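Novice:
Residue numbers (this note's numbering): 20 to 164.
In structure tokens:
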């Protein structure tokens with residue numbers, strides 16, 4: 020009986036590999052877009068690696084909050100960044116309660132691509148950043164555990 024090519028595992032396996040490679044390529048393209056790459060660096064440089072939108076806006080004065088938010092949404096959709104929310108009972112008046120951090124998957128992707136090598140340098144640079152009292156207060160705000 021002749022074999023049925025539709026029952027072959029080879030095309031599906033290659034297709035699966037191609038799909039995985041394409042997904043990785045798309046995700047690398049996402050993180051290396053200039054604004055998103057800067058936002059990832061900002062997240063990595065933050066002392067708690069969970070900056071608020073206001074903190075991200077402060078270190079990106081040439082970008083509007085809406086632009087930053089749009090790029091964060093793309094990073095979230097691709098599973099690179101996640102929004103972390105402080106529980107209601109830990110929220111304080113006049114302090115942020117929504118933060119942005121790398122997912123484990125995002126960190127792994129950046130590590131595999133060699134994009135985490137400067138993490139310590141970025142954190143050191145953040146400590147030298149001139150900040151306002153308001154940004155200092157935001158940086159000290161409680162973060163989700």
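Glycine included, every Cβ here is placed at the ideal spot set by N, Cα and C.
The structure displayed is predicted, hence computed values, not measured ones.
Just curious, the alpha helix (DSSP H) that residue 72 is in, first and last residue?
Specialist: 72-77 is the extent of the alpha helix (DSSP H) around residue 72.
Novice: Is it buried or exposed for residue 97, if we count other Cβ within 10 angstroms and need 16 for buried?
Specialist: The residue is buried, with at least 16 neighbouring Cβ atoms inside 10 Å.
Novice: Relative to the C-alpha of residue 145, which residue among 42, 63 and 40 is closest?
Specialist: Of 42, 63 and 40, the residue nearest in Cα terms is 63.
Novice: What's the gap between the Cα of residue 78 and the Cα of residue 37?
Specialist: Approximately 38 Å between the Cα atoms of the pair.
Novice: Got a sec? Which residues, its chain only, sit under 8 Å from residue 103 by beta carbon, not counting five neighbours each side?
Specialist: Excluding positions up to five away in sequence, the list reads 69, 117, 118, 119, 120, 162 and 163.
Novice: To the nearest angstrom, how far is it from the Cα of residue 157 to the Cα of residue 52?
Specialist: Distance between the alpha carbons of residue 157 and residue 52 is about 27 Å.
Novice: According to the neighbour-count rule (16 or more other Cβ atoms, all chains shown, within 10 Å of its Cβ), is residue 129 buried or exposed?
Specialist: So residue 129 ends up on the buried side.
Novice: Does residue 91 come out as helix, strand or coil in the three-state DSSP assignment?
Specialist: Looking at residue 91 - three-state DSSP - the assignment turns out to be helix.
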